[in-house]
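Residue numbers for the sequence shown follow my numbering, so the first one is 862 and each next one is one higher.
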Amino acid sequence: MSFVPQGAPAPTAPRVGRGMIIAGSVLIALSVMVGAIGTAVVSRQINVDDFQRDVVVDGPDSTLIPGTLSFRVAEPLRSDADTAMTVGVAVAGTATPEPECTLDRDGEPVKLTAASAGSELLRQTTQPYEVIREARLEPGSYELRCELAGEPSSDRGGNVTVGRVFGTDDAMGLVGPVVIFLLVGALAALLFVIGVILLIVGLVRSSRARRGPPGFPTAPPPSDAPPGPPLR
């Protein structure tokens, strides 16, 4: 049994749980940094403002069938944005059967494909349009020609217009950044949870170490008063 000399400093309690407290605090701070940096990087890849870019029609935004429509695909505002856009050919009114449309750029034909299911023009129109054809177009000037198939009749006709649609390539361009965002969020959440657990466990252990082991009362501090007379 050891004795502490009078006037000597009391022994400090062991620093139990200090490592867990430090590790938990570091993980919590790291989770916040990972979440902030990941969100900033992914937000630069998802350019929602680019979907406001649309075609520029020379003159009226629609024409009667049969007819010709000239338009331009403008350059994106951001240099790192995708220059191409999915442009749809849409008809309104009665056009029976479906009109035959061709597209060319500076005299070179551009292939038009069948529109994807549920394709709609992104811009607002004064009347309902149905997208029948679409193409992935680079910036430049284009000319669309639409004609009626077969012999003309009174119940045929309608208007044709062009405009940007949300295509498959646009959707695929968003999948990658969204997946990265979800993975970064999951990693940040995992680091935060582990950090909180370590911090709580470290604080509990440190608190118990300061109180000392149970069942052993602390001896009273030594007194400088002289001893009293012996009891009889």
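All residues carry an ideal CB built from backbone N, CA and C; glycine is no exception.
Let me know if A976 comes out buried or exposed under the rule of 16 or more other beta-carbons within 10 Å of its beta-carbon.
Residue environment analysis places A976 among the buried positions, since at least 16 neighbouring C-beta atoms fall within 10 angstroms of its C-beta.
Let me know if V1036 comes out buried or exposed under the rule of 16 or more other beta-carbons within 10 Å of its beta-carbon.
So V1036 ends up on the exposed side.
Helix, strand or coil: how does DSSP classify P970 here?
DSSP places P970 in strand when its eight states are reduced to three.
How about E995 and V950: are their beta carbons less than 8 Å apart?
Between E995 and V950, the C-beta gap is smaller than 8 Å, which places the two residues in contact.
On a CA-only basis, which of A953, L1009 and D922 is nearest C962? Give me that one, please.
For the residues A953, L1009 and D922, the minimum Cα distance to C962 belongs to L1009.
Could you say if the region 980–999 and the region 1050–1061 meet the contact criterion of at least three C-beta pairs nearer than 8 Å?
Short answer: they don't touch.
Contact check, M946 vs R1025, beta carbons under 8 Å
Yes, the pair counts as a contact, with Cβ atoms nearer than the cut-off.
Residue environment, P1000, which counts as buried when at least 16 other CB atoms sit within 10 Å
Under this definition P1000 is an exposed residue.
Check whether the region 894–905 touches the region 1040–1047, taking contact to mean three or more Cβ pairs, one atom from each stretch, closer than 8 Å.
Yes, the region 894–905 is in contact with the region 1040–1047.
Beta strand (DSSP E) containing T924: first to last residue?
S923 to L925 is the span of the beta strand (DSSP E), which, as asked, contains T924.
Is it the case that the Cβ atoms of A935 and R914 are separated by a distance below 8 Å?
In terms of Cβ geometry, A935 and R914 form a close pair [threshold 8 Å].
Just to confirm my understanding: we take R879, look at its own chain, exclude 5 residues before and 5 after, and list those with CB closer than 8 Å. What are they?
Within the same chain, R879 has close Cβ partners G1063 and S1067.
If we ignore side chains and look at the alpha-carbon of each, how far apart do I889 and F1027 end up?
Distance from the CA atom of I889 to the CA atom of F1027, rounded to whole angstroms, is 39 Å.
Under the rule that 16 or more other beta-carbon atoms within 10 Å means buried, what is V903, buried or exposed?
Burial call: buried.
Whole angstroms are fine: how far does the CA of V887 sit from the CA of A1070?
One C-alpha to the other measures close to 22 Å.
Which whole-angstrom value describes the C-beta separation of P960 and V1021, a residue pair presumed to lie in contact below a C-beta threshold of 8 Å?
At roughly 7 Å, the Cβ-Cβ gap stays under 8 Å, so P960 and V1021 are in contact.
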